[in-house]
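One structure is given below, encoded as structure tokens.
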Amino acid sequence: MGKIVAFLAGLLFGVGLLLSGLANPAKVLGFLDLAGRWDPSLALVMAAAIGVALPFFAWARRHDRALLGGAMQLPTRRDLDGQLIGGSLLFGVGWGIAGICPGPALVTVAAGYWQGALFCLAMLAGVGLHAGYEWQRDATRRPA
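Residue numbers (this note's numbering): 51 to 194.
In structure tokens:
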């Protein structure tokens with residue numbers, strides 16, 4: 051049952067990305083172009099998404115269990131570290147250059163666009179490089 055719900059949630063998310071224009075790099079770049087021909091329509095999409103999500107987050111904070119009985123998994127850390135800030139900056143710069151981020155990239159792959167597949171390959175390469183870096187860093191910290 052959980053896999054069906056996860057699939058349906060992912061499908062709903064993908065359809066939402068398509069309908070809102072967030073899977074269209076030109077639309078995203080128009081939204082991010084504050085100094086040029088700014089397209090504010092995605093701000094309305096984001097505001098609506100926050101408005102829809104807020105009651106669900108409020109509900110989740112008041113409960114220990116998810117609707118399907120699993121443990122509620124909410125973030126507990128409140129601190130900001132260099133990895134979070136650096137990753138956020140890298141994400142924002144990449145989104146600003148390409149006009150696409152991981153969720154919409156998967157939607158474009160499912161829609162058959164080769165550009166989305168290329169983005170996903172580059173993203174996976176970045177994930178692999180980061181994992182290798184973390185592994186190497188941890189290996190040098192372990193006592194011999």
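Beta carbons: idealized from backbone N, C-alpha and C, even for Gly.
Check: Consult DSSP for Ala121 and reduce its assignment to one of helix, strand or coil.; Outcome: strand
Check: Output needed for Ala155: all residues of its chain with C-beta closer than 6 Å, excluding positions within five of it in sequence on either side, in chain order.; Outcome: Gly166, Phe169, Cys170
Check: Looking only at C-alpha atoms, which of Met173, Ala98, Asp114, Ala160 sits nearest to Gly64?; Outcome: Ala160
Check: Can you tell me whether DSSP reads Arg115 as helix, strand or coil?; Outcome: strand
Check: Short of 7 Å in beta carbon distance, which residues of its chain neighbour Val55, apart from the five on each side in sequence? Order them along the chain.; Outcome: Leu118
Check: Can you find the residues in the same chain that come closer than 8 Å, C-beta to C-beta, to Ala121, ignoring five residues on each side of it along the sequence?; Outcome: Asp114, Arg115
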